[in-house]
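Asks: All letters in the sequence shown, in the order written, are residues 1 to 135 by the UniProt record's numbering.
Yeah, the Cβ is synthetic: ideal placement off N, Cα and C, and Gly gets one too.
Here the structure is a predicted model, which means the values were calculated and not measured.
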Amino acid sequence: MQSTRDDLGKLILRLTLGILLLFHGVNKVINGIGFIEGMITSHGLPSFLSYGVYLGELLAPVLLILGVLTRLGGLLVVGNMVVAFSLVHLSQLGDLAKTGGWSLELQAFYLFMGVCVMLFGAGRYSVSGGRGAWD
Numbered sequence: 001m002q003s004t005r006d007d008l009g010k011l012i013l014r015l016t017l018g019i020l021l022l023f024h025g026v027n028k029v030i031n032g033i034g035f036i037e038g039m040i041t042s043h044g045l046p047s048f049l050s051y052g053v054y055l056g057e058l059l060a061p062v063l064l065i066l067g068v069l070t071r072l073g074g075l076l077v078v079g080n081m082v083v084a085f086s087l088v089h090l091s092q093l094g095d096l097a098k099t100g101g102w103s104l105e106l107q108a109f110y111l112f113m114g115v116c117v118m119l120f121g122a123g124r125y126s127v128s129g130g131r132g133a134w135d
């Protein structure tokens, strides 16, 4: 049986990831996704794939914040970050920032927190109450 602390931890994880990632999605709504479309087409991929950023940076955070289809939301975040790593950040994998940390700390944070949400699910403090298979 899950403890209240486990469910509180899941809530904090979901809200932190969802809220922080949602800022990126809102920025894309306000400023457009032309630069993402350019990156995608420069790799020989169809431009419509650039709209997938809305799934990973708008839909997924909303699912996480609400705790509805949470594991799917985590999967969308992971997919979004895998695409970001492969299209934008591959050349930076071994780079360090001026402060001494890894240059891709934020991207890694989003990626691995998405994995955690996929594994842990929503918990009781969610709209779904942690009852569904995709909670």
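Entirely within the stretch 14–95 and at least 4 residues each: give me those alpha helix (DSSP H) ranges in chain order.
Replies: Segments of the alpha helix (DSSP H) lying fully in the stretch 14–95: 34–42, 60–66 and 70–84.
Asks: Let me know if E105 comes out buried or exposed under the rule of 16 or more other beta-carbons within 10 Å of its beta-carbon.
Replies: Locating residue 105 in the sequence shown gives position 105, counting from the first residue. Its Cβ having fewer than 16 others within 10 Å, E105 is exposed.
Asks: Report yes or no: do three or more beta-carbon pairs, one from the stretch 126–133 and one from the stretch 58–73, lie closer than 8 Å?
Replies: Yes, they touch.
Asks: For W102, write down the residues that DSSP places opposite it in a beta bridge.
Replies: Along the sequence shown, read from residue 1 onward, the residue named residue 102 stands at position 102. The partner list for W102 (beta bridge, DSSP) reads L96.
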